[in-house]
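Here the structure comes first, spelled out in structure tokens, and everything after it is commentary.
Number of protein chains: 2
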Amino acid sequence: MATNKTRRVTMSDVARRAGVSRTTVSFVLNDKPGAAIPDETRRRILEAIDELGYRPNAGARALAANRSGWFGLITEIVTGPFAAEVITGAQSRAWGDRRFLLIAASEGDPAQEAAALDQMLEHRVEGLLYATTWHRAVTLPKVAREVPTVLVNCYDAEGELPCILPDEESGGHRATRRLLDAGHTRIGFINLDPAIPAAIGRREGYERALREAGIIPDPSLVIPGWATADGAYTAACELLDRPAADRPTALFCGNDRMAMGAYDAIKERGLRIPHDVAVVGFDNQELIAAYLRPKLTTLALPFESMGTKGVDMLAALAAGQPLDTHRVTIDCPLLERSSV
Amino acid sequence: MATNKTRRVTMSDVARRAGVSRTTVSFVLNDKPGAAIPDETRRRILEAIDELGYRPNAGARALAANRSGWFGLITEIVTGPFAAEVITGAQSRAWGDRRFLLIAASEGDPAQEAAALDQMLEHRVEGLLYATTWHRAVTLPKVAREVPTVLVNCYDAEGELPCILPDEESGGHRATRRLLDAGHTRIGFINLDPAIPAAIGRREGYERALREAGIIPDPSLVIPGWATADGAYTAACELLDRPAADRPTALFCGNDRMAMGAYDAIKERGLRIPHDVAVVGFDNQELIAAYLRPKLTTLALPFESMGTKGVDMLAALAAGQPLDTHRVTIDCPLLERSSV
DNA sequence: ACACGGAAGTAACGCGCGTTATTAAAGCGC
DNA sequence: GCGCTTTAATAACGCGCGTTACTTCCGTGT
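So the protein lines, in turn, are chains R and W.
Residues in the first sequence are numbered from 1 upward in steps of one, following full-length UniProt numbering.
Residues in the second sequence are numbered from 1 upward in steps of one, following full-length UniProt numbering.
Here you go:
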């Protein structure tokens, strides 16, 4: 079978054209310190590179230098806004180090996850980022230990791997504080499944903020709901249908979809947002938060920051430097819109 | 500088362990046709691989075989649901050929796009997928011609490159047809910017469906709106505030965010969805469509299919086969929910 | 006895590049 | 002229693997 591809330009071609040896070209390309290259020679070489349209072969370079330049990123789902943000953050940060990101999705399937890991190791990734869509504990296959690994939005059940997590407690605190500052004293909290870390942390923050404001938390104002619009709708109805004196004037929702359900319950009762009832969401899902009417004030999970921080840590690990902290938490910023 | 990395296992290690030559190991690994390897020898080799935890070096293999195994995928934005779907489709399809996807985002910046392209070419991608977030014409840098390229959700202004596009016309037809089948005869159409391909194609489909049903399209029912919830809200108000005889009983919206705005206008007027006014959206943005109340019936842009089809075409091109069609269109499926 | 043909396996080259050790030339003091 | 240092550049090896051409061994037919 004849290969129809025209042979690519190699470094030897450049060398011949410039009338020097291949080694000299390599020195110029890599700015080899200690190599004395006269400007004239350098110019000739760069000129030859330009004329021939030479492009270094990254694979060959990696092989010779024994540095692949890859970092791997494994997520559960590529679809969905969260993974995309992590990718964005990691990608842009990696670029700065002239590294490339190898991205794969496990789709929640252990077999696929193992396959992805295999591929990554065959490509000699110098580090691995493992990201989940929701904050929880995970257990990685043993092979992941062959290479520096950092967990993003999840933590190691065995507690050995470094991880980066959103600061749920300060998030809950910040959201509640925002509502307190707006004058609300009875704040309903439609929480996520109370067993997961996000729900636990945020509730702690919620209660701390109340206490700091001299308010004793009223457990009846906290309702765990299904993490859907419908679930939150039901929960919101329950809170809003109480006698006026008992009714919350603000709702803190576990995520933006739930806030969406709460909006419906509020509007159905002829109440106005934020005048009669203020709402704060969580997750900052642009498609929801920015297009609800009125636009939703919400907290963002710092996925992009977590991605960049992840690459930061990997870069350190890959360089053999020790980590200062094995468990990094990142704040959830408040995004002001119009629902408070 | 001492390298602290323990040397990885190579094929020679395996060969030594199994008591054969490196060549034989290679033959076994690649199922080389024509090579006669007795079962006993094969077994010894596989055993050695297992015991040593050997993993082929993808980079070295690519170099020797002169086949990188990479396809490149350049998108405008990684964040956002569309790119993610393309990635998912392309990724899963590529996997089948034991290929990996190199993903980069241009972020709308030509410099960044060029940099990404450079990197891809340095990594010797065997093909390039270029995807946009919305259907339109693009012009690629010349370097993209160095390698087989397929456009996804966009087309070449010069008309040279093969492309994959959503079938907007049949989408508009399908949406309208669905509403006709539900008994509606006055169907409002809140369209996108009328200058873009999506708006043009869908309107053609809309009008064809009406004519096929024996209805003469009423231009006053077609309103181009800003592609936002607010814009569509305004447009919907205009349509709904007409005298009852003139008022549409169904709205076909240019995208799901716009449908969201239409919902608000409808609900404000005390009208019920779908009983008084039916709504069909476009784009199937899960976060909106599936969580609106009632859930939105909408058409999906076939991003995932376009991604897989793109890799299909690239694989053919990379293998030197000619393409049957240079311009492929893919249907936009209708997703039934509860708004019709 | 010989040639022969297939089975089993190997030596050796090349892929494109980084890097070390080495050479050749040039400058300098005497 | 001789030694010595700095500058400029190269030959040669290795990274880990695919592949081609070649060798060795053994059974078979005549």
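Idealized CB from N, CA, C, for every residue including glycine.
- With respect to chain R, the C-beta atom of T10/W has no partner C-beta closer than 7 angstroms.
- In this structure, L101/R keeps its C-beta atom at 7 angstroms or more from the C-beta atom of L128/R.
- When Cβ-Cβ separations below 7 angstroms define contact, H123/R makes contact with chain W.
- Around the Cβ of H173/R, a 10 Å sphere holds 16 or more other Cβ atoms; the residue is buried.
- Per DSSP, the continuous alpha helix (DSSP H) segment holding L46/W begins and ends at 39-52.
- Restricting attention to beta strand (DSSP E) runs no shorter than 3 residues, the stretch 74-119 of chain W encloses them at 100-105, ordered along the chain.
- Its Cα nearest to that of P148/R, the residue P322/R stands out among D39/R, R43/R, P322/R, L335/R.
- An exposed status is given to I216/R, since fewer than 16 other beta-carbon atoms sit within 10 Å of its beta-carbon.
- Nearest CB-CB separation between G171/W and chain R: not below the 7 angstroms threshold.
- Residues are counted here when their Cβ sits less than 9 angstroms from a Cβ of chain W; for the stretch 78-97 of chain R these are V78, T79, G80, P81, A83, A84, E85, I87, T88, Q91, S92, W95, given in chain order.
- Nearest to R42/W by alpha-carbon distance, out of A58/W, R208/W, A15/W, is A15/W.
- When Cβ-Cβ separations below 7 angstroms define contact, Y291/W makes contact with chain R.
- Secondary structure in the stretch 196-250 of chain R: the beta strand (DSSP E) runs of 3 residues or longer, each lying completely within the stretch, are 222-224 in chain order.
- Per DSSP, the continuous alpha helix (DSSP H) segment holding L317/W begins and ends at 303-318.
- Our two residues, G261/R and A300/W, have alpha carbons roughly 24 angstroms apart in a direct line.
- Between V340/W and A114/W, the gap from beta carbon to beta carbon reaches 7 angstroms or more.
- Under the 8 angstroms Cβ criterion, the stretch 273-283 of chain W counts as touching the stretch 243-260 of chain W, having at least three qualifying pairs.
- The alpha-carbon of E207/W is positioned some 30 angstroms away from that of E85/W.
- The alpha-carbon of G53/W is positioned some 14 angstroms away from that of Q119/R.
- Counting only the Cα atoms, V138/R lies some 6 angstroms from Y155/R.
- In chain order, Y130, L161, C163 place their CB closer than 6 angstroms to the CB of L151/W, counting only its own chain and leaving out the 5 sequence neighbours on each side.
- Its chain contains R337, S338 as the residues whose beta carbon lies nearer than 6 angstroms to that of K295/R, once the 5 sequence neighbours on both sides are disregarded; these appear in chain order.
- Spanning the alpha carbons of D31/W and R93/R requires a straight line of approximately 40 angstroms.
- Under the Cβ distance rule, R99/W does not count among the residues neighbouring chain R, no pair being separated by less than 7 angstroms.
- In the three-state scheme derived from DSSP, where H, G and I count as helix and E and B as strand, N153/R is classed as strand.
- Minimum Cα-Cα distance from D109/R among the listed residues E268/R, I77/R, R136/R, D13/R corresponds to I77/R.
- Under the Cβ criterion of 7 angstroms, Q321/W is not counted among the residues facing chain R.
- By the beta-carbon neighbour count (other beta carbons within 10 angstroms, threshold 16), R177/W is buried.
- Three or more Cβ pairs drawn from the stretch 214-234 of chain R and the stretch 187-195 of chain R lie within less than 8 angstroms of each other, which places the two stretches in contact.
- Identification of residues in the UniProt domain "HTH lacI-type" (9-65) of chain R having a C-beta nearer than 8 angstroms to some C-beta of chain W yields R55, P56, N57, A58, G59, A60, A62, L63, given in sequence order.
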